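J.: First the structure, then my questions, so here it is.
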Amino acid sequence: MNFKKIIMNFKENEHESLSELNELIDKNNAYKIAGVINRIIRSIEFNYNEEFTTRLTNINERLKGFLNKKYYFLLIDPKKIKFKSLKKNKPQGLLSSFSNLVIESLINKPKSEIRYKISEATDPKFSSKIIESSSDFIDLLGSYIFRTSSTKFYFGIALLLDESNIQQFMNLLVKMNFMDDDSLNEHAFNFINNIDCVFQYLQKYNPDVFNKMLDHIYSEKRYFKEIFICNLHNLDVNEILKYIRPYNFDVIGSLLENRPFIVVPLIDAFNENKLKVGRKFFITKIIEYDKYFVDFVDKINLESYEINDLKEKSELFKNKKLN
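In numbering that gives the first Met the number 0, the protein residues as written are 0 to 322.
The structure is reproduced here in structure tokens:
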């Protein structure tokens, strides 16, 4: 069964492709076919005609014969069909781009390979249970992107990523990081808030891809973003400090909130003139984030007038006995 070939043919001959998929449907692949068709329906515009809608209706009826009723949400929703004669072309949405990235990986990787990875990466005493449930996960992943925040979902994303698509994945995360909370649906918002789970699974079970991601973060300033810096737990602090600039210091502020221990190497870098920010600017940040610096202020090489400035502008420093 060559799903990729059928999908590529959709733009050329949707009728023939629908017929091929209809003939392929059986109890073993109904879930996957339903998910794939749904993804296609939402990403391609079709020429409206009665034959096309009839073929879709026939596929729906055939799928009903194999799908459990609780998975009827996978059936093709006519409202999601985009017809050229009815709607204008629209640029692909960000969430659709992310979904397509994952489903593309899903289609291109044999199910056996993914199940093997799950088996290999899982503690033996739990592996049989996960292998048993992984089939449903693999079949349905493309259809319920952002509909679940389960650890199995994050685990699957980490396994599906590879060196060919990790940068695309990172670019999408950067864009999502800049979206207003109101612009993200509830499930996408939950996904972003739990992205550290994906990173942890990626590090443990897909280390080559994880290291590739770190290479991008350490070498390209466009990835010096909170979504990476604050959610990766084993970043090299010295590498991070190289990218600190006045315009991105808010990322360090967020990192201080998550991992206050970085205040020490941050102070060391300042004392050694290794920070790419001005001295006056850094003093203002010491005041802004005074609760992280106050216990280490004696370690900061400050002039007497700078110490007076701290006392004048910060209650914490004012009440602190400074040398």
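Where is the CB? At the ideal position from N, CA and C, for every residue including glycine.
Only a predicted model underlies this, so the values are computations on that prediction, with no experimental measurement involved.
1. Suppose you measure from the CA of Arg-221 to the CA of Asp-214; what does that come to, to the nearest Å?
2. Quick one: Cα of Tyr-304 to Cα of Arg-258, how far?
3. Using the C-alpha atoms, what's the distance from Leu-171 back to Asn-21?
4. For Glu-287, which residues in the same chain have their Cβ closer than 8 Å to its Cβ, ignoring the five residues on either side in sequence?
5. According to DSSP, is Ser-313 part of a helix, a strand, or is it coil?
6. Which residue marks the beginning of the alpha helix (DSSP H) containing Tyr-200, and which one marks its end?
7. If contacts are defined as beta-carbon pairs under 8 Å, then Phe-295 and Val-263 qualify, I think. What distance do you get, rounded to the angstrom?
8. Does the beta-carbon distance from Phe-198 to Phe-209 come in below 9 Å?
9. What does the Cβ neighbour count give for Asn-67, buried or exposed, with the cut at 16 atoms within 10 Å?
10. Quick one: is Tyr-71 buried, meaning 16 or more other Cβ sit within 10 Å of its Cβ, or exposed?
11. Contact defined as beta carbons within less than 8 Å: I believe Asp-289 pairs with Ser-313. What is the distance between those atoms, to the nearest angstrom?
12. Can you give me the Cβ contacts of Gln-166 inside the same chain, cut-off strictly under 7 Å, excluding the 5 residues immediately before and after it?
13. Determine, using beta carbons only, whether Tyr-153 and Asn-193 come nearer to each other than 9 Å.
14. Measure the C-alpha to C-alpha separation of Ser-18 and Ile-32 and round it to an integer number of angstroms.
15. Kindly indicate the opening and closing residues of the alpha helix (DSSP H) around Leu-255.
16. For my contact list, Leu-160 and Leu-201 are in at a C-beta cut-off of 8 Å; report their separation, rounded to the angstrom.
17. Thinking just about the alpha-carbon of each residue, which of Asp-25, Val-236, Val-293 and Phe-227 is nearest to the one in Arg-61?
18. Suppose the cutoff is 7 Å on Cβ atoms and the five residues either side in sequence are ignored; what does the same chain contact list for Ile-282 look like?
19. What's the call for Tyr-330, buried or exposed, on a 16-neighbour Cβ count within 10 Å?
20. Just to confirm the assignment, what range does the alpha helix (DSSP H) spanning Lys-285 have?
21. May I ask you to report which of helix, strand or coil DSSP gives Glu-225?
T.: Reading from the atomic positions:
1. Straight-line Cα distance between these residues: approximately 12 Å.
2. So the alpha carbons of these two residues sit roughly 30 Å apart.
3. In this structure, the alpha-carbon of Asn-21 lies about 34 Å from that of Leu-171.
4. Only residues of its own chain outside the window of five on either side were considered, and among them Gly-252 have a CB closer than 8 Å to the CB of Glu-287, listed in chain order.
5. Ser-313 falls in the coil class under three-state DSSP.
6. First-last of the alpha helix (DSSP H) with Tyr-200: 194-204.
7. About 7 Å separates the beta carbon of Phe-295 from that of Val-263, a gap short enough to meet the 8 Å contact definition.
8. The beta carbons of Phe-198 and Phe-209 sit closer together than 9 Å.
9. It is exposed - the Cβ of Asn-67 has fewer than 16 other Cβ atoms within 10 Å.
10. Residue burial annotation: Tyr-71 is exposed, with fewer than 16 other C-beta atoms found within 10 angstroms of its C-beta.
11. Contact holds; Cβ gap of about 4 Å.
12. The beta carbon of Gln-166 is closer than 7 Å to those of His-215 in its chain, skipping five residues each way along the sequence.
13. A contact, by the Cβ cut-off of 9 Å.
14. Near 12 Å, if we compare the C-alpha coordinates of Ile-32 and Ser-18.
15. Leu-255 -> alpha helix (DSSP H) spans 248-257.
16. Cβ atoms of Leu-160 and Leu-201 come within 8 Å of each other, at about 7 Å.
17. When only C-alpha atoms are compared, the closest one is Asp-25.
18. Taking C-beta separations shorter than 7 Å and ignoring five residues to either side along the sequence, the partners of Ile-282 in its chain run Glu-305 and Asp-308, following chain order.
19. The first residue shown for the chain is 0 and the last is 322, placing residue 330 beyond what the model contains.
20. It is Ile, not Lys, that sits at residue 285 in the sequence shown. Taken as a continuous stretch (DSSP letters only), the alpha helix (DSSP H) holding Ile-285 covers 278-287.
21. Collapsing the DSSP output to three states places Glu-225 in a helix.
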